[in-house]
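Structure first, then comments.
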Amino acid sequence: MSTDNPIPKRLKEARKKMKISQKNLGISIGMESGTASARMNQYEKGVHTPDVRTLKLLAKELGVPLNYFFCEDDSTAEIATAISKLSEEQRSQVLEFIKLIGKSEE
Numbered sequence: 001m002s003t004d005n006p007i008p009k010r011l012k013e014a015r016k017k018m019k020i021s022q023k024n025l026g027i028s029i030g031m032e033s034g035t036a037s038a039r040m041n042q043y044e045k046g047v048h049t050p051d052v053r054t055l056k057l058l059a060k061e062l063g064v065p066l067n068y069f070f071c072e073d074d075s076t077a078e079i080a081t082a083i084s085k086l087s088e089e090q091r092s093q094v095l096e097f098i099k100l101i102g103k104s105e106e
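Now the structure itself:
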């Protein structure tokens, strides 16, 4: 397990997937237009880490769950995003399936 902060990588990936500039993303979550690009760039480079409030705003704007930013590998990030789009009933079904798979490998 890596000790590197996964937030910069995930933030950049999600922003590029949405085809939005650093500046426009920053502005869309309430940053001043004159500093939005620089602040977002610092987040993506890992110079600064956004606080939880900012991460929640970014997650909403980028259409990803908050936990996406903390996923250390791509498959976990993809699973987190897919699960966030399911209904509560579907999530329960997925959880039961995962438990079943876990038992079969013991």
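Heads up, the sequence shown is in UniProt numbering, so the first residue is 1 and it goes up one at a time. Yeah, the Cβ is synthetic: ideal placement off N, Cα and C, and Gly gets one too.
- Secondary structure note for Tyr-43: its alpha helix (DSSP H) is the uninterrupted segment 36-45.
- Contact check for Met-40 against Gly-30 fails: the beta carbons are separated by 7 Å or more.
- Looking only at Tyr-43, Ser-84, Met-18, Gly-102, the smallest Cα-Cα distance to Pro-6 is reached by Tyr-43.
- With 16 or more other Cβ atoms from the protein chains shown falling within 10 Å of its own Cβ, Arg-10 counts as buried.
- Apart from sequence neighbours up to five positions away, the residues of its chain that approach Val-64 with a beta-carbon distance below 6 Å are Ala-14, Thr-81, ordered along the chain.
- Between the alpha carbons of Glu-89 and Leu-95 lies a distance of about 10 Å.
- Where Ile-79 is concerned, the enclosing alpha helix (DSSP H) starts and stops at 74-84.
- Counting other Cβ atoms within 10 Å of its Cβ, Gln-93 stays below 16 and is therefore classed as exposed.
- Separation of the CB atoms of Ile-83 and Arg-91 is rounded to 6 Å, and the pair is thereby assigned contact status at 8 Å.
- Pairing Phe-69 with Leu-55 gives a Cβ-Cβ distance under 7 Å.
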